[in-house]
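Here the structure comes first, spelled out in structure tokens, and everything after it is commentary.
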Amino acid sequence: MAKPVLMDFFAEWCGPCHQQSPIIDELKAKMGDQVEIRKIDVGVDSEETRRYAAQYDIQFVPTLVIEKDGNLVRKLVGVQDLGTLESILKPLVEQ
């Protein structure tokens, strides 16, 4: 069974994204390699970025997308606190 994936859609020019970033770093420090974290800069125009943004209908940043076994678990728009992220991810790790 695959580990959960957290995708952090952000942009360098986004103030709230700069608030979210240290929370994601703290989550990574606490959960280690139990969770795969991908940071996707939607401010960079590339084919891969456009594909991801379209696939997950990213309209605002920061947006966090959590998947498990290729299935969407949650899509969270706006800055999310560490407790919220842990409460979603920990049960997915324990499955």
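Sequential numbering of the sequence shown, starting at 1, is according to the UniProt record's numbering. The C-beta atom is built at its ideal place from N, Cα and C for all residues, glycine as well.
Worksheet item: Would a C-beta distance cut-off of 7 Å place ALA2 and GLY43 closer than the cut-off?
Response: Translated into positions along the sequence shown, residue 2 becomes position 2. Translated into positions along the sequence shown, residue 43 becomes position 43. In terms of Cβ geometry, ALA2 and GLY43 do not form a close pair [threshold 7 Å].
Worksheet entry | Contacting residues, own chain, Cβ-Cβ under 7 Å from residue 97 (five flanking each side not counted) | This structure cannot settle anything about residue 97, because the visible part of the chain is limited to 1 through 95.
Worksheet item: Between the C-alpha atoms of LEU72 and ILE66, what's the straight-line distance to the nearest angstrom?
Response: Within the sequence shown, the letter at position 72 stands for residue 72. Within the sequence shown, the letter at position 66 stands for residue 66. Each residue's Cα considered, the two are about 6 Å apart.
Practice prompt. Would you identify the three-state DSSP class for ASP69, choosing helix, strand or coil?
Written response: Against the sequence shown, residue 69 aligns to sequence position 69. Reduced to three states, the DSSP call for ASP69 is coil.
Practice prompt. Provide the residue span of the beta strand (DSSP E) that contains VAL5, from first to last.
Written response: Mapped onto the sequence shown, residue 5 falls at position 5. Unbroken beta strand (DSSP E) run through VAL5: 5 to 10.
Worksheet item: Whose CA, out of LYS75, PRO62, VAL5, ARG74, lies closest to the CA of MET31?
Response: Working through the sequence shown from its first residue, we reach residue 31 at position 31. Comparing Cα positions, the closest option is VAL5.
Fill in: Local conformation of VAL77 per DSSP, three classes
Locating residue 77 in the sequence shown gives position 77, where the first residue counts as 1. Note: VAL77 maps to strand in three-state DSSP.
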